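To keep things clear, I will list the structure first and then write my remarks on it.
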């Protein structure tokens, strides 16, 4: 019998966790603090050792095999506090001929590679957990399945959502602890998350709390953008002349890298149609916060203020949709292995998201806060499709679908041009 907490709300990642436990000796679940990793892992575990316990950590440092004791599958929570434990897990799996389903590891930051000896390849499966999607929170019906759209399985559906609701959900975020709390209480969660990163995590990683705040603020200002290091550096150094020097840019990069290792920031890579296209490597990634509530909190905004600033609201809604698309893609079990990208060509033509499957199928997505902008998204996606298909070097099949995701739409529908328009409150895995 597992240790699943009575109040546990099932997560989409539960299915991949079960699948990987049947294949690998251990499953490692990484992700942002407070996003539900431990409870998810407990729902699959028969015993647990928490390395965040001050009584346990020194024992684990003295003997990294000690935390492995327990009925299997055995959970080791916050493994990154004693990275040598991960090597002990890998060695234990080797000693049992890679028997599946022995350990679960959860971590809320990624230690430098030099702190452990072996990648664990072939023994430890890696899964990424993010804050809850709207579907997991019970705010989306999931009537339109991302996976089924690739099979041309679509049924029109209706919903009713106001921009005021979208603003509140954006500010609340997908934190499990906020589900049953009033708005005022819920808004403290992202605020305190950022405080913990700046005051606790940053110093442990050799970073200055105030500079960490400044880089988070700059990333929030440039949320959903492929901001250059130069832009971020000027914010970090308050437009001082030193901002353009190589040491300053190096420092800025180190702070961004730290926030990525803390799972605060997601990088969405660029996509181009030819599988070997240089643009897949050379176009700068776009950065998003792992949850839009963190960006909103960093800017000091609440739902009512968000409603008065359409540009910022639109960016934060895009962040919310990207979060949900990443959650839905990560829940996919099968040989298709979906990945999420963005598209931008040298003529400025863009798609907010490209979902590509391992078998070559792909879809393009535009994100519009208001239903009144849906047709703009439709027209843009058709241009993207036509441009890609007109490229003789793309060697790309026609997209499986084109979709505009909107905030306050009433209906999931298919336009005369063949493009889906889907309110976010109808989208699911």
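Numbering (full-length UniProt numbering), first residue to last: 1 to 429.
The beta-carbon is built from N, C-alpha and C at its ideal position, and this holds for glycine as well.
Since the structure is predicted, the reported quantities are computational estimates derived from the model, not experimental observations.
- For residue 99, the CB contacts under 8 Å within the same chain, skipping 5 residues up- and downstream, are 25, 93 in chain order.
- Taking the Cα positions, residue 8 is about 18 Å away from residue 32.
- At a Cβ-Cβ threshold of 8 Å, residue 351 and residue 149 do not count as neighbours.
- When beta bridges are read from the DSSP output, residue 108 appears opposite no residue.
- In the structure shown, residue 91 falls within a helical segment according to DSSP collapsed to helix, strand and coil.
- In this model, residue 416 and residue 324 are separated by some 27 Å (Cα to Cα).
- In this structure residue 342 is in contact with residue 268, their Cβ atoms being roughly 5 Å apart against a cut-off of 8 Å.
- Residue 389 and residue 399 have their C-alpha atoms roughly 9 Å apart.
- In this structure the segment 314 to 334 lies against the segment 161 to 175, because at least three pairs of beta carbons, one per stretch, are closer than 8 Å.
- The criterion of a C-beta distance shorter than 8 Å is satisfied by residue 262 and residue 197.
- Short of 8 Å from the beta carbon of residue 290, and not among the five residues preceding or following it, lie these beta carbons of its own chain, in chain order: 31, 32, 35, 130, 131, 263, 264, 265, 266, 323.
- Taking the CA atoms as reference points, residue 299 sits about 33 Å from residue 41.
- Take the alpha-carbon of residue 179 and the one of residue 247: they are about 43 Å apart.
- Within the same chain, and ignoring the five residues on either side of residue 377 in sequence, the residues whose Cβ sits closer than 7 Å to its Cβ are 366, 368, 404.
- Shown here, residue 401 sits in a strand according to DSSP, grouped into three states.
- Residue 257 and residue 384 have their C-alpha atoms roughly 32 Å apart.
- Looking at the DSSP output, residue 355 shares a beta bridge with 340, 363.
- Here DSSP, grouped into helix, strand and coil, assigns residue 411 to strand.
- Comparing alpha-carbon positions, the option among 58, 295, 306, 249 lying closest to residue 85 turns out to be 58.
- Non-local C-beta neighbours of residue 234 in its own chain, meaning closer than 6 Å and more than five positions away in sequence, comprise 243, ordered along the chain.
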